[in-house]
Amino acid sequence: MLNVHLRFTDAATKKPLPVRLRITGPTGGTFVPLGRLPIFPCGRGEELGGHVRLGGENFTTIDGGCEVPLPDSVPLRIRASHGPEYDLLDREVTLKSGQMALRFDLNRWTDSSWDGWQRIDSRAHFLSPHAAALDGAAEGLDAVNVLARASSVLARDGNTYPVFSNIAEFSGQVPALAAHGCEVIVNTLNTHPMLGALGLLNCHRIVHPLAFGGTNGPDDWSLCDWADQCHRKNGLVVWVDAFRPDAGLLGGEALAALILGKVDAIEFDAAPRSQPFLPWIYRIWNAGFPVPLVGASGKESNRTALGAMRTYAPLDASPNWIEAVRAGRTFITNGPLLKLAIAGDTARATVESRLPYEKLELIRNGKVIAVCAPDPDFGASLAFPIGDDGGWIAARCIGGAESRLYPGGPVFAHTSPIRLGTPRGDPSGIRHLRDCLDKTRSWIEAEGAFVASKSKAHLLDGIARASTVLNASNGQGGA
Numbered sequence: 115m116l117n118v119h120l121r122f123t124d125a126a127t128k129k130p131l132p133v134r135l136r137i138t139g140p141t142g143g144t145f146v147p148l149g150r151l152p153i154f155p156c157g158r159g160e161e162l163g164g165h166v167r168l169g170g171e172n173f174t175t176i177d178g179g180c181e182v183p184l185p186d187s188v189p190l191r192i193r194a195s196h197g198p199e200y201d202l203l204d205r206e207v208t209l210k211s212g213q214m215a216l217r218f219d220l221n222r223w224t225d226s227s228w229d230g231w232q233r234i235d236s237r238a239h240f241l242s243p244h245a246a247a248l249d250g251a252a253e254g255l256d257a258v259n260v261l262a263r264a265s266s267v268l269a270r271d272g273n274t275y276p277v278f279s280n281i282a283e284f285s286g287q288v289p290a291l292a293a294h295g296c297e298v299i300v301n302t303l304n305t306h307p308m309l310g311a312l313g314l315l316n317c318h319r320i321v322h323p324l325a326f327g328g329t330n331g332p333d334d335w336s337l338c339d340w341a342d343q344c345h346r347k348n349g350l351v352v353w354v355d356a357f358r359p360d361a362g363l364l365g366g367e368a369l370a371a372l373i374l375g376k377v378d379a380i381e382f383d384a385a386p387r388s389q390p391f392l393p394w395i396y397r398i399w400n401a402g403f404p405v406p407l408v409g410a411s412g413k414e415s416n417r418t419a420l421g422a423m424r425t426y427a428p429l430d431a432s433p434n435w436i437e438a439v440r441a442g443r444t445f446i447t448n449g450p451l452l453k454l455a456i457a458g459d460t461a462r463a464t465v466e467s468r469l470p471y472e473k474l475e476l477i478r479n480g481k482v483i484a485v486c487a488p489d490p491d492f493g494a495s496l497a498f499p500i501g502d503d504g505g506w507i508a509a510r511c512i513g514g515a516e517s518r519l520y521p522g523g524p525v526f527a528h529t530s531p532i533r534l535g536t537p538r539g540d541p542s543g544i545r546h547l548r549d550c551l552d553k554t555r556s557w558i559e560a561e562g563a564f565v566a567s568k569s570k571a572h573l574l575d576g577i578a579r580a581s582t583v584l585n586a587s588n589g590q591g592g593a
């Protein structure tokens with residue numbers, strides 16, 4: 115065994131390239147860089163950073179170079195990746211006796227038109243800023259949002275204690291750290307076990323409490339109040355875990371906040387769901403509230419890679435990615451690069467990819483209006499007249515096969531909606547959302563635990579105002 119120096123570089127610039135790396139021998143044994151572990155914990159919040167387990171295989175993240183004890187004269191399989199915009203490296207090599215170095219180039223297949231975009235993971239947890247910067251850089255991300263959150267820890271003394279992960283690293287509107295070409299910003303995830311969860315990004319200060327209700331005390335607070343405090347100095351409010359059956363009420367007060375114009379975006383994360391999410395997103399958009407999408411890994415263990423779902427935001431017409439998200443000029447993806455534009459009376463969607471997928475679709479007010487299969491290079495384009503009807507239009511790219519880059523789900527990308535004229539409130543979408551608000555009202559009245567009656571009245575008033583806006587929806591969205 116020799117300590118062999120490995121270096122990975124960008125094929126065009128020859129600069130070091132952070133990568134996700136796996137090295138195996140002919141019998142399947144794994145070789146890891148010095149200082150790294152071949153086996154690591156994968157429970158929630160356990161030893162995150164520097165490694166990840168995907169598809170039953172362990173990978174290491176490195177900054178572009180490392181030393182690895184390797185045998186000579188036997189075939190070794192070396193795999194490395196740097197996010198969706200670089201070709202996957204999968205090479206078999208055999209070290210010669212005494213060989214001490216290996217060099218590999220990774221090819222970026224996208225052109226310079228993608229240089230004006232930022233690639234953001236909108237939510238991850240339990241990572242230190244240094245670990246998030248390294249892992250994010252290895253996945254080709256420009257920014258990672260690590261959100262402090264309330265949780266509990268069972269201590270060795272047998273007691274359970276509340277903890278606030280990453281709270282001391284809060285950075286708000288500036289990066290906590292920039293390293294390896296990736297910025298890490300620490301903000302907060304504010305949660306209620308039934309009423310919903312909000313990611314408060316670009317916030318000028320910590321908005322307390324980070325949690326209320328359930329084991330975190332009575333229900334005397336409001337998600338709408340969290341959103342208002344975040345917005346006071348240009349923060350961005352993201353609805354997290356929306357319509358996830360195991361995350362409380364469907365909709366909850368978070369839905370009311372969205373209808374009242376207090377939610378800036380809905381998160382689509384990489385975690386599996388027991389029920390489809392897109393029908394709910396389309397119901398919201400059809401009801402006249404076409405809020406943008408953001409993509410997030412939702413990483414909270416070593417079983418998820420940063421950027422497994424990510425946000426792409428263009429900077430050509432926005433000072434930063436926060437404003438691009440707010441303006442709805444985003445798409446989310448775990449691989450394909452998707453664009454949608456309106457020129458005159460025609461909508462045009464294009465997709466580029468190195469990962470196989472099934473089809474590109476244009477979606478108009480929740481219905482597929484055009485579809486095409488990819489060409490042999492996994493590119494595709496669609497053009498379709500939009501006519502004079504109002505509503506919204508979006509593009510999506512879907513694939514049935516599991517992603518080779520991020521195992522565990524199919525290849526997927528979706529744009530945020532583009533408004534077409536004056537959006538119209540669809541009766542079916544409004545009905546579904548009204549049912550959610552009614553169930554939230556019933557929970558507040560029958561099951562909420564309040565110390566102050568005015569807190570209960572405040573919550574009920576927010577639900578009532580949202581119901582009024584929804585019932586009178588003319589497609590404008592918000593109060």
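Numbering (this note's numbering), first residue to last: 115 to 593.
Glycine residues also receive a C-beta, built at the ideal position from the N, C-alpha and C atoms.
Could you tell me the distance, in whole angstroms, from the CA atom of residue i to the CA atom of residue j?
i: residue 201; j: residue 228; result: 15 Å
i: residue 592; j: residue 409; result: The predicted model places residue 592 with a pLDDT of 41, which falls under 50 and marks its position as unreliable, so this point remains unresolved.
i: residue 235; j: residue 185; result: 37 Å
i: residue 181; j: residue 216; result: 10 Å
i: residue 401; j: residue 535; result: 15 Å
i: residue 129; j: residue 123; result: 5 Å
i: residue 434; j: residue 553; result: 38 Å
i: residue 551; j: residue 558; result: 11 Å
i: residue 211; j: residue 190; result: 14 Å
i: residue 579; j: residue 405; result: 19 Å
i: residue 498; j: residue 177; result: 44 Å
i: residue 289; j: residue 283; result: 10 Å
i: residue 312; j: residue 139; result: 45 Å
i: residue 522; j: residue 362; result: 24 Å
i: residue 326; j: residue 165; result: 33 Å
i: residue 134; j: residue 474; result: 29 Å
i: residue 125; j: residue 218; result: 8 Å
i: residue 455; j: residue 348; result: 27 Å
i: residue 544; j: residue 567; result: 30 Å
i: residue 420; j: residue 382; result: 14 Å
i: residue 469; j: residue 340; result: 40 Å
i: residue 295; j: residue 276; result: 34 Å
Would you list the residues sitting across from residue i in a DSSP beta bridge?
i: residue 456; result: 461
i: residue 473; result: 512
i: residue 266; result: 276
i: residue 137; result: 145 and 192
i: residue 231; result: 428
i: residue 222; result: 200
i: residue 296; result: 293
i: residue 367; result: Paired residue(s): none; residue 367 is not in a bridge.
i: residue 413; result: 238
i: residue 447; result: 424 and 527
i: residue 315; result: 350
With a 10 Å radius around its C-beta and 16 neighbouring C-beta atoms as the bar for buried, classify residue i as buried or exposed.
i: residue 491; result: exposed
i: residue 214; result: exposed
i: residue 115; result: exposed
i: residue 460; result: exposed
i: residue 232; result: buried
i: residue 565; result: exposed
i: residue 258; result: buried
i: residue 440; result: buried
i: residue 495; result: exposed
i: residue 183; result: exposed
i: residue 169; result: exposed
i: residue 208; result: exposed
i: residue 501; result: exposed
i: residue 563; result: exposed
i: residue 66; result: This structure does not reach residue 66, given that the chain is present from 115 up to 593, and the question cannot be answered.
Residues in its own chain within less than 7 Å of residue i by CB, not counting five upstream and five downstream?
i: residue 387; result: 358
i: residue 328; result: 307
i: residue 157; result: 415
i: residue 438; result: 427, 428, 429, 432 and 444
i: residue 319; result: 286
i: residue 478; result: 505 and 507
i: residue 572; result: 336
i: residue 278; result: 262, 264 and 324
i: residue 587; result: 401, 402, 539 and 544
Near residue i, what residues of its chain come up, given a Cβ to Cβ distance below 6 Å and the 5 sequence neighbours on each side ignored?
i: residue 436; result: 316 and 350
i: residue 256; result: 232 and 233
i: residue 555; result: 577
Can you list, in chain order, the residues of its chain whose CB lies under 8 Å from that of residue i, leaving out five sequence neighbours each side?
i: residue 430; result: 230
- Item | beta strand (DSSP E) runs contained entirely in the segment 326-357, provided each spans 3 or more residues | 350-354
- Residue ranges of each beta strand (DSSP E) within the segment 169-220, 3 or longer: 171-176, 179-184, 189-195, 203-208 and 215-220
- Message: Suppose only complete runs of 3+ residues qualify. What are the beta strand (DSSP E) ranges in the segment 494-578, listed by chain order?
- Response: 494-499, 505-516, 524-529 and 532-534
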